[in-house]
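Just below is one structure, and these are the notes that go with it.
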Amino acid sequence: MPYRPVSGHPAELSATEAAALIRNGSLTSEALVSACLDQIAATDQEIKAWEHILPEKALRDAQDCDRAIASGEETGPLCGVPVGIKDIIDVAGYPTEHGSPIFTGHRPSRDARLVERLRAAGAVILGKTVTTEIAFLHPAKTRNPHDLMRTPGGSSSGSAAAVAAYQVPLSLGSQTNGSVIRPAAFCGVYGFKPTRGSIPVDGVLQTSKTLDQVGCFARSVEDVALVASVLSGQNMGWHGSPRLETTPKLAYLDMPFADRLSDDAKAQFDALVAALGSSCKRMPAPRFISTVINAQRSVHLYEINLHLGDRLRRNPELVSSTLKPLLSEGEAISDADYHAALAALSEAAPEFENLFSDVDAVISPSTTGTAPLASSGTGDPIFCTAWTAAGMPALTLPLLTGADGLPLGVQLAAPAGRDRHLLHLAQQLTDLLDQPNIRIGNFY
90 MPYRPVSGHP AELSATEAAA LIRNGSLTSE ALVSACLDQI AATDQEIKAW EHILPEKALR
150 DAQDCDRAIA SGEETGPLCG VPVGIKDIID VAGYPTEHGS PIFTGHRPSR DARLVERLRA
210 AGAVILGKTV TTEIAFLHPA KTRNPHDLMR TPGGSSSGSA AAVAAYQVPL SLGSQTNGSV
270 IRPAAFCGVY GFKPTRGSIP VDGVLQTSKT LDQVGCFARS VEDVALVASV LSGQNMGWHG
330 SPRLETTPKL AYLDMPFADR LSDDAKAQFD ALVAALGSSC KRMPAPRFIS TVINAQRSVH
390 LYEINLHLGD RLRRNPELVS STLKPLLSEG EAISDADYHA ALAALSEAAP EFENLFSDVD
450 AVISPSTTGT APLASSGTGD PIFCTAWTAA GMPALTLPLL TGADGLPLGV QLAAPAGRDR
510 HLLHLAQQLT DLLDQPNIRI GNFY
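Numbering-wise (this note's numbering), the sequence shown opens with residue 90 and increments by one.
Dropping the structure here:
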């Protein structure tokens, strides 16, 4: 990673490590935030991950955390840890412009509820990260830290790139199709989309009332569990809980869109499934998966028109050439077809339950390959769509490397409500694949 700081630099710390050092007085929040700001100053002219930063405010907040710790006050689990916030999530005192000139200058008067939870846990809001236009498909200015000619993915482009470039240890994003999993995979970090409804979306741009979900980016499973616990109000960690004694039972589905996989990705995942042996059964994807994917598209496009269509059409000169045809497609979806798509998603729920009746999680590619050139778009979200539509938790792990040397993510999806178990499985899988007797080709 060309943007990794020198060993021992505070910006290199994970969130869990930083929080522990700040609590015991070995590190100050001010020093950590200063280190992150220095890393941004040194790297962001090329990466372009940040939309709005208020350095003085972030440093003042960090100093407040340090004073609280020094005086012996009770502090939260993220006390002093900086976090980046996708620029569709309201933060009081910052613009929230949704990646569109239509919303230039919009300044919310209060924090989104999930930002309130971060602050209550002691987190320091470092700034707002770049999003694609209204969290959809038109590429933003951000570049992939692994190769500046490549896309970081979207729509949470800046959030993924900032964590990958060691500009911040944690960041937030959102997912309506593949907007957390895809950029995390392309940038080689962990990306987690919890069960739909487990994290409040008040104060987050609504593009689809049915599908919108909030997620997070980090550099370890442990960090994901830390921030997800704060955001959801549920304990997502596993410290103090019994270790999973059995090997995880995984399924790899041969999806109907598997022909979209690059040859390299296909070979890598064939090797991964073989390496997992009896713990992973390979099976054809059930037919309802295609129905769910088609329904997701109809619901997404109809609802983005419902929530934002009028505002966007009043300013056609400010709408991208990528978004305009998608708005037209959504406008053409009838009420009857929309309700049929909603019904299809609802009817698929017991099918998903049956799919997981004898497996802990489905393992799959996170994307169709490594990050494509930025000029070609933000990448294909197809391997994320079904899990998002079902509202199930999904996590991408940076476990593989493509033949081109770029990260290739491994995705795990589990039944709704099994978030903590999924994170525990992810750590167990990481430990399993890290054993010297396991060979799966290009292990990341």
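Every residue, glycine too, gets a C-beta built ideally from N, C-alpha and C.
None of these values were measured; they are calculated from a predicted model.
Residue i CB to nearest heavy atom of the ligand NAP below 7 Å
| i | result |
| --- | --- |
| L497 | Judged by which ligands are present, the structure shown has none, so any question about the ligand NAP falls away. |
Under 8 Å between C-beta atoms of residue i and residue j
| i | j | result |
| --- | --- | --- |
| A307 | T132 | no |
| T240 | A460 | yes |
| C305 | L350 | no |
| I382 | A475 | yes |
| C154 | G211 | yes |
| Q357 | L489 | yes |
| H108 | G173 | One detail in the question is off: residue 108 reads as Ala in this sequence, not His. Contact flag unset, no. |
| P573 | V319 | In the structure displayed, the chain extends from 90 to 533; residue 573 sits before or after that span and is not available. |
| T296 | T265 | yes |
| D179 | G188 | no |
| G292 | R202 | yes |
Residue interval of the beta strand (DSSP E) (run including residue i)
| i | result |
| --- | --- |
| G173 | 171 to 175 |
| P272 | Unbroken run through P272 is the alpha helix (DSSP H), 270 to 276; no beta strand (DSSP E). |
| I452 | 450 to 454 |
| V499 | 496 to 502 |
Classification of residue i by the beta-carbon crowding that lies within 10 angstroms, buried from 16 upward
| i | result |
| --- | --- |
| G97 | exposed |
| M372 | exposed |
| L300 | buried |
| E392 | buried |
| E140 | buried |
| Q302 | buried |
| R156 | exposed |
| R400 | exposed |
| T35 | Here the chain covers residues 90 to 533 and nothing more, so residue 35 does not appear. |
| E119 | buried |
| D523 | exposed |
| E222 | buried |
| V95 | exposed |
| E436 | exposed |
| T218 | buried |
| R509 | buried |
| M325 | buried |
| G494 | exposed |
| S410 | exposed |
| A159 | exposed |
| L407 | exposed |
Counterpart residues of residue i in DSSP-defined beta bridges
| i | result |
| --- | --- |
| S260 | G173, F306 |
| H141 | K217 |
| Y341 | R371 |
| F281 | C305, L484 |
| R239 | L462 |
| N233 | D236 |
| T490 | P496 |
Where the alpha helix (DSSP H) through residue i begins and ends
| i | result |
| --- | --- |
| I422 | Counting along the chain, I422 falls outside any alpha helix (DSSP H), and DSSP gives it neither H nor E. |
| S123 | 118 to 136 |
| A479 | 471 to 479 |
| D520 | 508 to 522 |
| I378 | 377 to 393 |
| K298 | Note, K298: premise wrong, no alpha helix (DSSP H); not H, not E. |
| E205 | 202 to 209 |
| L401 | 399 to 402 |
Three-state secondary structure assigned by DSSP to residue i
| i | result |
| --- | --- |
| Y533 | Unreliable positioning characterises Y533 in this predicted model, as indicated by a pLDDT of 39, which lies under 50. A coordinate reading is not provided. |
| S464 | helix |
| V252 | helix |
| V293 | strand |
| I178 | strand |
| L226 | coil |
| F346 | coil |
| Y92 | coil |
| E106 | helix |
| G194 | coil |
| L361 | helix |
| V319 | helix |
| N324 | coil |
| C168 | coil |
| F445 | coil |
| A356 | helix |
| A100 | helix |
| P184 | coil |
| V408 | coil |
| G247 | helix |
| R112 | helix |
Closer than 8 Å to chain B by CB, residue i
| i | result |
| --- | --- |
| E140 | Within the model displayed, chain B is absent; a lone protein chain is all it includes. |
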